[in-house]
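**Q**
Residue numbers (the numbering used here): 731 to 990.
Structure follows, in structure tokens:
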């Protein structure tokens, strides 16, 4: 795995947003510039992690004990395996990320835990992920799986290949499987978010801010659970969460769907 410390990485920038330490000076420089454009970015990152945990808990409440997290990022806090193992210590988790730093640190944290697998792969490489021998040994695809694409699809440009890959993941999963997605959108501040997208061009994973209709298109074939595609903090908010004063200003949407 090659790591270029002179090129910013979306995964390492996100790690910095969350208060992590697995990032370089070039990542921190981009992150600080991003803060000037969208000061709420660290809170959005934390809200994404909270949504991930809530989605895992919901999947577990439906009897799902297998989780595949694509675009898993650098482990910080509130990871999938922690939430899944709180529900069932035997739950199995596959982490997938294209960023080598994310993969290295995930493997360091998880060690030889037989309930987890960490892969370096691109979302588009469906066969590489689903047919990996370690994944096949861990996941029973005849039983429901929770597929997590949290704060991930907004780093992938539109293409026929993207929609084909998403359809193939859906078709490979058993009925009763769930998909959890959160996705950046322009919200009520399109100019700021456009400047942020331009900043991310340096990372090699450009930021693609889709509107609601386009995000729903990525969820084609999944039956959305209530409350549907909503602003991130509104999706099954935990008791005691502070009320969201202006949800329309929130630049991330989230949903969970079921494969019927």
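Glycine included, each C-beta is placed from N, C-alpha and C at the ideal position.
1) By a C-beta neighbour count over all protein chains shown, 10 Å radius and 16 as the cutoff for buried, is residue 829 buried or exposed?
2) What residue range does the alpha helix (DSSP H) around residue 757 cover?
3) May I ask you to report which of helix, strand or coil DSSP gives residue 995?
4) So, with DSSP's three-state summary, where would you put residue 961?
5) Less than 7 Å between C-beta atoms, sequence neighbours within five positions excluded: which residues of the same chain meet that for residue 914?
6) Check whether the Cβ atoms of residue 743 and residue 734 sit closer than 7 Å, and answer yes or no.
7) Ignore the nearest five residues each way along the sequence and tell me which others in residue 872's own chain have a CB closer than 8 Å to its CB.
8) Given that a residue counts as buried once 16 or more other Cβ atoms are within 10 Å of its Cβ, and exposed if not, what is residue 736?
9) Per DSSP, what kind of secondary structure is residue 791 in: helix, strand or coil?
10) Could you check the C-alpha separation between residue 858 and residue 973 for me, to the nearest Å?
11) Decide yes or no for the touch test of the segment 819 to 839 against the segment 886 to 904: beta carbon pairs closer than 8 Å, at least 3 of them.
12) On the premise that residue 865 lies in contact with residue 847, defined as a C-beta separation below 8 Å, what is that separation, rounded to the nearest angstrom?
13) Entirely within the segment 816 to 889 and at least 4 residues each: give me those alpha helix (DSSP H) ranges in chain order.
14) Assign residue 970 to one of two classes, buried (16 or more other C-beta atoms within 10 Å of its C-beta) or exposed (fewer than that).
15) Residue ranges of each alpha helix (DSSP H) run of no fewer than 4 residues wholly in the segment 896 to 930, ordered along the chain?
16) If you follow the beta strand (DSSP E) that residue 804 is in, where does it begin and where does it stop?
17) State the DSSP-derived secondary structure class of residue 987, mapped to helix, strand or coil.
18) Would residue 795 pass as a contact of residue 907 if the rule is Cβ separation under 7 Å?
19) Beta-carbon within less than 7 Å of residue 895's beta-carbon, same chain only, minus the 5 sequence neighbours each way: which residues are those?
20) In the DSSP assignment, what are the bridge partners of residue 953?
21) Closest to residue 880 by C-alpha separation, out of 746, 776, 947 and 891, would be which residue?
22) Less than 7 Å separating the beta-carbons of residue 922 and residue 768?
23) So, are the CB atoms of residue 955 and residue 984 less than 7 Å apart?
24) Can you tell me the Cα-Cα spacing of residue 851 and residue 836, whole angstroms?
25) If we count the other Cβ atoms within 10 Å of its Cβ and call it buried at 16 or more, is residue 763 buried or exposed?
**A** According to the data block:
1) buried
2) Per DSSP, residue 757 is one residue of the alpha helix (DSSP H) stretching across 755 to 767.
3) Since the first residue of the chain shown is 731 and the last is 990, residue 995 is not available in this structure.
4) strand
5) 884, 937, 939, 981 and 982
6) no
7) These residues qualify, in order along the chain: 904.
8) Burial check for residue 736: the Cβ neighbour count within 10 Å stays below 16, so the residue is exposed.
9) helix
10) One alpha carbon belongs to residue 858, the other to residue 973, and they sit about 42 Å apart.
11) no
12) Right, their Cβ atoms sit about 6 Å apart.
13) Whole alpha helix (DSSP H) segments, 4+ residues: 830 to 840, 856 to 860 and 863 to 868.
14) exposed
15) 920 to 930
16) First-last for residue 804: undefined, no H or E at that position.
17) strand
18) Not closer than 7 Å, so no.
19) If you ignore the 5 residues before and after residue 895, its C-beta comes within less than 7 Å of the C-beta of 853, 854 and 856, all in its own chain and listed in chain order.
20) 988
21) 776
22) yes
23) no
24) 14 Å
25) exposed
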